Amino acid sequence: LGAMNKDNQEIYSDPVLLGDRIKIVSVTVDNPEEHDNGVITVKYLGRDENIPMTDAPTDVTTVQYAFQDDGKLIKVLE
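Just so we're aligned, residue 7 is where the sequence shown starts under our numbering, counting upward by one.
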């Protein structure tokens, strides 16, 4: 879930599912004061699909999201 400021009003995005039983390592926003509120980068630990959910997450994944004009978050393509 994210929020952006547009026309002096906060607009909230819909939640984005990152995964099941993951561990968030960091969340950063570059250039949060920009017109588009910057890019949100989330780094988290997950599991390969062949690893049981009882094992601790160890696979590092980084995803980036940006706000559309309507406030929805979209995944930034690599």
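C-beta atoms are modelled at their ideal positions from N, C-alpha and C, and glycine is treated no differently.
It should be emphasised that the depicted structure is a prediction, and the values quoted were computed from it without experimental measurement.
Could you please give me the residues that DSSP links to residue i through a beta bridge?
| i | result |
| --- | --- |
| G25 | None; G25 has no bridge partner. |
| V33 | V48 |
Would you mind reading off the limits of the beta strand (DSSP E) that contains residue i?
| i | result |
| --- | --- |
| N11 | 9-12 |
Am I right that residue i and residue j are in contact with their C-beta atoms under 8 Å? What's the rounded C-beta distance?
| i | j | result |
| --- | --- | --- |
| P63 | I28 | 6 Å |
| K81 | V69 | 6 Å |
Q) Should the stretch 72-80 be regarded as contacting the stretch 50-64, the criterion being three or more beta carbon pairs within less than 8 Å? A) Segment contact: the stretch 72-80 against the stretch 50-64, fewer than three CB-CB distances shorter than 8 Å; contact not assigned.
Q) Which full runs of the beta strand (DSSP E) of 3+ residues lie inside the stretch 43-81, going along the chain? A) Fully enclosed beta strand (DSSP E) runs of 3 or longer: 45-52, 65-73, 79-81.
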